[in-house]
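Asker: Those sequence lines, one after another, are chains A and B. Residue numbering for the first sequence follows the numbering used here, beginning at 1 and increasing consecutively. Residue numbering for the second sequence follows the numbering used here, beginning at 1 and increasing consecutively. Glycine is no exception: its CB is placed at the ideal position from the N, C-alpha and C atoms. Keep in mind that this is a model prediction, so the values were computed, not measured.
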Amino acid sequence: MKKIQRRAALSSIGAMSLGITALAKGEIVSEPYKIKKQTLKTDILVIGGGTAGVIAAIQAGRAGRKTILVENGSQLGGTTTTGGVAFPGIFFAWGNQIISGIGWELVQAAVALNDDTLPNFSIPHGKNHPRHQVRLNGQLYAMLIEEKCIEAGVQIRFYETPTQIMFKKNNWIVQTMGKGMITEIICNQLIDCTGNAYATSIAGFTVLREAETQPGSLMFEIGGYDFNSLDLKMIQARYQETIQKGELVKTDFRNNIVGVLKSKGDNISHVMGADSTTSESHTLANIKGRTSLLQTLRFLRTLPGLEKTKLVDMQNETAVRETYRIDGHYKITHADYVTGKKFDDAVSYSYYPIDVHDENGVVPDHLKEGIVPTVPLRALIPKNSRNFLVAGRCISSDRLANSALRVQASCMGMGQAAGATAVLANLQNKTPLDVSIKDIKEMIEAHGGIVPV
Amino acid sequence: MNMLYRPIFGIVVVLVFSAYFIPQKIRYFNSQTISLPPDKTQAYIVDFKDSIGIDTLFQVKSKEGYPISYYRNIKTSVCFDNKCRLLDIVLYWNITGRYLGFELPEKEFLSKTEHEPFVPDEYKRLNEILADSMSALRTLSYNALVPRYNAKTAHADGITSPSAPDVLEYIVKGAAYTTYIMWHFVYGTTQNEVENRTGKELSAPLLLKILESPNLTDKIWALNHSRNYLNQSPELQIKLFEVVDNKDYNLAERAINSVNLKETASDNLQILLVGKFAKGNYALKKLILSKLKEAPQLHNQTKEDLAHQLKSLNGELLGNVLDIFKKHDVNDAETCRMVAELLENDNSFISQKAYAFLKNIKIQDEVIENKLVKYKSGRDLNRN
Numbered sequence: 001m002k003k004i005q006r007r008a009a010l011s012s013i014g015a016m017s018l019g020i021t022a023l024a025k026g027e028i029v030s031e032p033y034k035i036k037k038q039t040l041k042t043d044i045l046v047i048g049g050g051t052a053g054v055i056a057a058i059q060a061g062r063a064g065r066k067t068i069l070v071e072n073g074s075q076l077g078g079t080t081t082t083g084g085v086a087f088p089g090i091f092f093a094w095g096n097q098i099i100s101g102i103g104w105e106l107v108q109a110a111v112a113l114n115d116d117t118l119p120n121f122s123i124p125h126g127k128n129h130p131r132h133q134v135r136l137n138g139q140l141y142a143m144l145i146e147e148k149c150i151e152a153g154v155q156i157r158f159y160e161t162p163t164q165i166m167f168k169k170n171n172w173i174v175q176t177m178g179k180g181m182i183t184e185i186i187c188n189q190l191i192d193c194t195g196n197a198y199a200t201s202i203a204g205f206t207v208l209r210e211a212e213t214q215p216g217s218l219m220f221e222i223g224g225y226d227f228n229s230l231d232l233k234m235i236q237a238r239y240q241e242t243i244q245k246g247e248l249v250k251t252d253f254r255n256n257i258v259g260v261l262k263s264k265g266d267n268i269s270h271v272m273g274a275d276s277t278t279s280e281s282h283t284l285a286n287i288k289g290r291t292s293l294l295q296t297l298r299f300l301r302t303l304p305g306l307e308k309t310k311l312v313d314m315q316n317e318t319a320v321r322e323t324y325r326i327d328g329h330y331k332i333t334h335a336d337y338v339t340g341k342k343f344d345d346a347v348s349y350s351y352y353p354i355d356v357h358d359e360n361g362v363v364p365d366h367l368k369e370g371i372v373p374t375v376p377l378r379a380l381i382p383k384n385s386r387n388f389l390v391a392g393r394c395i396s397s398d399r400l401a402n403s404a405l406r407v408q409a410s411c412m413g414m415g416q417a418a419g420a421t422a423v424l425a426n427l428q429n430k431t432p433l434d435v436s437i438k439d440i441k442e443m444i445e446a447h448g449g450i451v452p453v
Numbered sequence: 001m002n003m004l005y006r007p008i009f010g011i012v013v014v015l016v017f018s019a020y021f022i023p024q025k026i027r028y029f030n031s032q033t034i035s036l037p038p039d040k041t042q043a044y045i046v047d048f049k050d051s052i053g054i055d056t057l058f059q060v061k062s063k064e065g066y067p068i069s070y071y072r073n074i075k076t077s078v079c080f081d082n083k084c085r086l087l088d089i090v091l092y093w094n095i096t097g098r099y100l101g102f103e104l105p106e107k108e109f110l111s112k113t114e115h116e117p118f119v120p121d122e123y124k125r126l127n128e129i130l131a132d133s134m135s136a137l138r139t140l141s142y143n144a145l146v147p148r149y150n151a152k153t154a155h156a157d158g159i160t161s162p163s164a165p166d167v168l169e170y171i172v173k174g175a176a177y178t179t180y181i182m183w184h185f186v187y188g189t190t191q192n193e194v195e196n197r198t199g200k201e202l203s204a205p206l207l208l209k210i211l212e213s214p215n216l217t218d219k220i221w222a223l224n225h226s227r228n229y230l231n232q233s234p235e236l237q238i239k240l241f242e243v244v245d246n247k248d249y250n251l252a253e254r255a256i257n258s259v260n261l262k263e264t265a266s267d268n269l270q271i272l273l274v275g276k277f278a279k280g281n282y283a284l285k286k287l288i289l290s291k292l293k294e295a296p297q298l299h300n301q302t303k304e305d306l307a308h309q310l311k312s313l314n315g316e317l318l319g320n321v322l323d324i325f326k327k328h329d330v331n332d333a334e335t336c337r338m339v340a341e342l343l344e345n346d347n348s349f350i351s352q353k354a355y356a357f358l359k360n361i362k363i364q365d366e367v368i369e370n371k372l373v374k375y376k377s378g379r380d381l382n383r384n
């Protein structure tokens, strides 16, 4: 036995002296990895697998078109799942359902599989619109939408992001970079659902942005304390003192530590300037969100009654509310939104209060009774583009209108409309702006969606 | 709306009263679930595990024996600024646990911070606040009724206890603590107790009565409690399916979900469901198909009705129907031929669904076999 061990050791020394790696049983020497390059062809490419992109891709797949969905993260759902804002709204306005179709189907499926109950949409939400948001199990929703994409024949490509987008011979040629992969995707119709108009910008079309954008939010949950037994006045006083000392930042939690404790972290954080457009800006938003949470957690644990405060859960990304918007054929204005303007080319509804978050928090401005805004197709198409659509918060709109249009149910409605339009444009060899609105509406309705009348 | 009876408290379990009205009492009421006159009042001693603890819950019944309302005589302290005042009030609940109204004892009135009596508009406002089951008061703490800390006014706040700005819309101004305490009594353990008591006396006729209420919350309550009663009453089945339409999603969703597993086996219920399927919007269609998928058996009529609609369904709904057929081993030639027609659909999502269904069915039918061969060769051609 000893002899054998000695022989093996000598053999290893010999191999090392020759520069050869000694291999253990089962090991093999792998060739250096070469970045794999490939070309794929598809009818429709959706870039961004978030709230709108998933619906657009499923719509396209179910209409029988070959569809690829590119997502730079590891799961679908975006703000609803990775961002943790798992309470999509609002699907009902004034007692009537205004957004249904694929988005509502997926929400229904998640509610049923989690034995959740729906809010009573027939009772008006008054000034408390979150009453009509549907609380979901975000991770369950992520799995369900992935399953539905696969069922619809959608090819999902995680961890990829576009680096180059060119229009040639009536097709888009999109180069994406992912883990160890460079892929060229040739598609006839392209839908930008990045939320940041990122693909639109790379493709060379104008995008717009406000000098100051809404803050993002890092979703988390804290526990380990009894809110009702806390001395809130003392906590508020200590919080203000700590801010005065420069140890905490006033805007990180809307200057409202009681709100943090009461909500246990649900949609209370504000990450000023949060921008998910590039890996650099999103990294910054994530670090800012996590740093402020960590500092606040340490602060809370110094207070009476909060010594055992614990971080129960935290999303791994800061969710973002506002970055870039496209310069579309029509820009939806605040006046359009709050008067519920009915556009001739309206392809979906939207319903939400004007909801601009700033450093002090948010005071929603509710729509007047009976008002249900609509989304015109032209707002989903960048000026000077062909075979190109967007869906989601990067819709062409002014800032106030965008603060309401950006929410998840509205994005789902837009996603289905963009998906249906891309399908028809592909089938009819047209650019989206030339597709008949009647045809688009018929296709959306055939797939369960609701279109403005 | 004023109620036309006044309960009297007693020690004995069952008491009988006649209805009468005392005008000098302050009383505010909302619409009652069942509009039947009161006949008997029954008292239950309950440990409510709230700030009062063991107390009496009174159940008012109609002559027909239906429970029609509940009430509690609340006597508790409202404390703030190191002072306490007695709150003496009777709170009423509907049989579905919904807040019904309040009544003050003779010559009693509610007052605000500076001992100023409530004016009629404030009583009306209080009644509205108490009727709001979704009020933010549910998540607010008693301590949060004071304003956020402000160094300049901190001392004054401690003396006057004005209401915090963000709670003002949920309370009667100047009576934040009284509003808060009353709201939490209304939606506290009594509500569950009321629902449980009614639940013990549920029957198909009582559910029918509750479903007749114009109040949506009552209807939802009845639908949530209709499971296991449908097979007992064809009238209830009909009434329940009346709400399954495109008008109110919540009612329709609750009605469909109230059909239990055993009941889904009923041919009557399946026919009702398929009838609603044909007219329903997409969201309802999805719910109905999910319910039919649960059924332990599929009636022939149900199968035929669904099969005849296959051509008009979108790919997702088609997939749902085929899943039901698969679960129930539907493999007759007539149905399979209808499915086989979909192999020729231009939409590959639809033709693939049809193919996935048919490929695992062993059926000797020349028409179907030919269509399958044609579909496979066309698909192979596209691949090449």
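#1: Are the beta-carbon atoms belonging to residue 371 of chain B and residue 334 of chain B less than 9 Å from one another?
#2: Once DSSP output is grouped into helix, strand and coil, what is the label at residue 86 of chain B?
#3: In whole angstroms, give me the CA-to-CA distance for residue 177 of chain B and residue 223 of chain A.
#4: DSSP three-state call for residue 172 of chain A: helix, strand or coil?
#5: DSSP beta-bridge partners for residue 382 of chain A?
#6: Can you tell me which of the three DSSP states residue 101 of chain B falls into?
#7: According to DSSP, simplified to helix, strand and coil, what is residue 149 of chain A?
#8: From which residue to which residue does the alpha helix (DSSP H) around residue 194 of chain B run?
#9: Return the residues of the region 135-169 of chain A that lie within a Cβ-Cβ distance of less than 8 Å from chain E, sorted by chain order.
#10: In or out: residue 252 of chain A buried (at least 16 other Cβ within 10 Å) or exposed?
#11: Taking C-beta to C-beta, are residue 280 of chain A and residue 83 of chain A nearer than 9 Å?
#12: I'd like to know whether the C-beta of residue 220 of chain A is nearer than 9 Å to at least one C-beta of chain B.
#13: Taking residue 296 of chain A as the reference, which of A/265, A/324 and A/214 has the closest Cα?
#14: If the cut-off is 9 Å on Cβ atoms, which residues from the region 283-298 of chain B count as contacting chain A, listed in chain order?
#15: My output table needs one value for residue 203 of chain B: the three-state DSSP class, helix, strand or coil.
#16: Taking a Cβ distance cut-off of 8 Å, strictly less, list which residues of the region 249-280 of chain B are near chain A, in chain order.
#17: Taking its Cβ as the centre, do 16 or more other Cβ atoms sit within 10 Å of residue 300 of chain B, making it buried, or is it exposed?
#18: Around the C-beta of residue 219 of chain B, are 16 or more other C-beta atoms found within 10 angstroms, so that it is buried, or is it exposed?
#19: Might you give, ordered along the chain, the residues of its own chain that have their beta carbon closer than 8 Å to the beta carbon of residue 315 of chain A, omitting 5 neighbours on each side?
#20: Are there 16 or more other CB atoms within 10 angstroms of the CB of residue 380 of chain B, so buried, or fewer, so exposed?
#21: Are the region 282-292 of chain A and the region 316-334 of chain A touching, with three or more C-beta to C-beta distances below 8 Å?
#22: Can the beta-carbon of residue 340 of chain B be found closer than 9 Å to that of residue 354 of chain B?
#23: Once DSSP output is grouped into helix, strand and coil, what is the label at residue 319 of chain B?
#24: Going along the chain, which residues of the region 393-422 of chain A sit with their C-beta nearer than 9 Å to a C-beta in chain B?
#25: According to the Cβ coordinates, are residue 161 of chain A and residue 256 of chain A closer than 9 Å?
#26: Just the Cα atoms here: how many angstroms apart are residue 152 of chain A and residue 172 of chain B?
#27: Report the option in B/169, B/115, B/254 and B/38 whose CA atom is closest to the CA atom of residue 132 of chain B.
#28: Rounded to the nearest angstrom, what separates residue 312 of chain A and residue 256 of chain B at their Cα positions?
#29: According to DSSP, simplified to helix, strand and coil, what is residue 177 of chain A?
#30: Keeping to the same chain, check which residues put their C-beta closer than 6 Å to that of residue 62 of chain B; ignore five residues upstream and five downstream.
#31: Taking only beta-carbon atoms, is residue 108 of chain A less than 9 Å away from chain B?
#32: Rounded to whole angstroms, what's the CA-CA distance from residue 441 of chain A to residue 377 of chain A? Just pull it up for me.
#33: In the DSSP assignment, find the unbroken alpha helix (DSSP H) run with residue 444 of chain A in it and report its ends.
#34: For residue 157 of chain A, count neighbouring Cβ atoms within 10 angstroms of its own Cβ and tell me buried if that reaches 16, exposed if not.
#35: Alpha carbon to alpha carbon, how far is residue 245 of chain A from residue 254 of chain A?
#36: Would residue 342 of chain A pass as an interface residue toward chain B - the criterion being a Cβ-Cβ separation below 9 Å?
Answerer: So, to answer that:
#1: Contact check for residue 371 of chain B against residue 334 of chain B fails: the beta carbons are separated by 9 Å or more.
#2: It is a strand residue.
#3: Those two C-alpha atoms are separated by around 27 Å.
#4: Strand.
#5: Partner(s): A/328.
#6: Residue state, collapsed to three classes: strand.
#7: In the structure shown, residue 149 of chain A sits in a helix (DSSP, three-state: H, G or I).
#8: DSSP places residue 194 of chain B inside the alpha helix (DSSP H), whose first and last residues are 189-200.
#9: Reference to chain E is not applicable here, since the protein chains of this structure are A and B.
#10: Under this definition residue 252 of chain A is a buried residue.
#11: Against a cut-off of 9 Å, the Cβ pair of residue 83 of chain A and residue 280 of chain A comes out as no contact.
#12: No, no contact with chain B.
#13: If we check each option's Cα against that of residue 296 of chain A, A/265 comes out closest.
#14: Cβ contacts with chain A come from 283, 285, 286, 287 and 290.
#15: Coil.
#16: Listed by position, the residues of the region 249-280 of chain B near chain A (Cβ gap below 8 Å) are 249, 250, 251 and 253.
#17: With fewer than 16 Cβ atoms within 10 Å of its Cβ, residue 300 of chain B is classed as exposed.
#18: Result: buried.
#19: Exclusion of the five residues before and after residue 315 of chain A leaves 82, 83, 84, 218, 219 and 220 as the residues of its chain whose Cβ lies within less than 8 Å of its Cβ.
#20: With fewer than 16 other Cβ atoms within 10 Å, it is exposed.
#21: Under the Cβ criterion (8 Å, minimum of three pairs), the region 282-292 of chain A counts as touching the region 316-334 of chain A.
#22: For residue 340 of chain B and residue 354 of chain B, yes; Cβs fall inside 9 Å.
#23: It is helical.
#24: Residues: none.
#25: No.
#26: Annotation: residue 152 of chain A to residue 172 of chain B spans about 54 Å, alpha carbon to alpha carbon.
#27: It is B/169 whose Cα lies nearest to the Cα of residue 132 of chain B.
#28: Residue 312 of chain A and residue 256 of chain B have their C-alpha atoms roughly 37 Å apart.
#29: Three-state result, residue 177 of chain A: strand.
#30: So the list reads 36, 39 and 68, once near-sequence residues are dropped.
#31: Yes, contact with chain B.
#32: The straight-line gap from Cα to Cα measures roughly 11 Å.
#33: In the DSSP assignment, residue 444 of chain A falls within the alpha helix (DSSP H) that extends over 437-446.
#34: Note on residue 157 of chain A: 16 or more other CB atoms within 10 angstroms of its CB, so buried under the neighbour-count rule.
#35: Residue 254 of chain A has its alpha-carbon roughly 17 Å from the corresponding atom of residue 245 of chain A.
#36: Chain B contact via Cβ: absent.
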